[in-house]
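One structure is given here, and the rest of the page talks about it.
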Amino acid sequence: MHEEIRSLKRDYDICIITYKKSVQPRRDPFPYQLIEYIDSCLVYGPINKVDPSFSSPTQREFIRQVEAVIQEFQPDLLHCHYFGLSVLLRYLSDRHGIPFTIRTHSMDMLSEPEEKIRAFCEASSSSLCKRILAFPAFTSRLVERGLDAKKVVACWPVINFARFYKPERRPPTRRVLCTGPSTRKKAHSDFIDLAARMRGDGFEFDLYAKGHRLADMQKRNERVGNPVRITYADPDDMPDIYPQYDWLVYPSHPHINKVGFPASIAEAQASGIGVCWQELPDRRQEQLEYLGGAGFLFKSIEELPEILSAPYPEEMRLAGLENSRKCDIEQHRNLLAEVWG
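Count along the sequence shown starting at 1, add 34, and that's the number in our numbering.
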């Protein structure tokens, strides 16, 4: 979201509303208004608890505050992130005659109940919904559930490629990092176990994370002798951090299977470092497509010591530098701009 705004605000006046206060805020967020939505979450909540008519007293108050912003800002178009907000944008669009666009992600598409996806497709079937951006692996799912194929456009995750691009070869550091919100699906415990397994092999392991599972990870790390340095950096600092490492290891829980296409992987590739990514059930081909020949899929951390101990193949490093360009916001900002224009 941040990089999309950073790019498009050069050409558009953007007013940002969020309905939930972030527990992991950016250090320098763009100006925004918080209008809290206290009913069942439109994105994470069960679909049978979502009222598309927004008729409860608390919903009516939320809508009143949002519409006050609409009246003051007079937007030409509404845009949201996460498929669940299609219900809200459809409601506002119908009331005000304003077209809308949506960028979906991974967690709002992966392993979601069929009735939930169908409800969001129905909300997006409005003629005022002009475009839905979805990761390539998910576009067919939307079309198969009734959305017009002309409004569903494939788009890779967004990174600010120019800020990460480091094409020069660097001497090895024997350092490994892991990144991402500290949630159960990310399986950061596996990264800690890997570091413990490779203790004495001359590597350093750093976990950059925040989130509700962080305290559990700190305790697990302590139990096995603190083989991992647990830290955090604002996303704006990460372009200078990746080059300090040889490898990014990205684990996740296969049975949860909610990790989609992490932006960290494209950022690491643009930075010229190696990538090891957890293979997930029934998703091998789409994962390989995202990697673009630059990185390894692993099924168990037991495979990683051998991989990490060898130099990252030069052909993979070069492939990663080029593959990561497909995530550059500057390369596909036009997917929104041509509609917004």
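Virtual Cβ for every residue (Gly too), placed ideally from N, Cα, C.
Within 10 Å of its beta-carbon, does residue i have 16 or more other beta-carbons around it, so buried, or fewer, so exposed?
i, result
"ASP142", "buried"
"GLN321", "buried"
"PHE195", "buried"
"ASP280", "buried"
"GLU202", "exposed"
"TYR71", "buried"
"GLU349", "exposed"
"TYR66", "exposed"
"ASN82", "exposed"
Could you tell me the distance, in whole angstroms, from the CA atom of residue i to the CA atom of residue j?
i, j, result
"LYS253", "LYS184", "50 Å"
"ARG367", "TRP190", "11 Å"
"VAL187", "PHE225", "35 Å"
"PRO80", "GLU156", "16 Å"
"ALA300", "VAL309", "9 Å"
"GLN278", "LEU181", "45 Å"
"TYR276", "THR92", "44 Å"
"ARG165", "PHE88", "24 Å"
"PRO206", "VAL283", "16 Å"
"ASN260", "PRO345", "26 Å"
"TYR34", "ARG98", "This structure cannot speak to residue 34, because the chain is shown only from 35 to 375."
"CYS49", "LEU111", "11 Å"
"SER343", "PRO285", "18 Å"
Less than 8 Å separating the beta-carbons of residue i and residue j?
i, j, result
"ALA328", "GLY354", "yes"
"VAL121", "PHE154", "yes"
"SER216", "MET272", "no"
"GLY306", "ASN357", "no"
"HIS113", "PHE134", "yes"
"GLN312", "PRO288", "yes"
"ILE136", "PRO109", "no"
"ALA304", "TYR199", "yes"
"LEU162", "SER127", "yes"
"LYS55", "LEU68", "yes"
"SER41", "ILE264", "no"
"PHE237", "ARG204", "no"
May I ask you to list the residues that DSSP assigns as paired with residue i?
i, result
"ILE166", "ILE136 and VAL186"
"CYS49", "In DSSP, CYS49 forms no bridge with anything."
"ASP362", "ILE193"
Rounded to whole angstroms, how far is the Cβ of residue i from the Cβ of residue j, which I believe are closer than 8 Å?
i, j, result
"ALA168", "THR138", "5 Å"
"ASP270", "ARG61", "7 Å"
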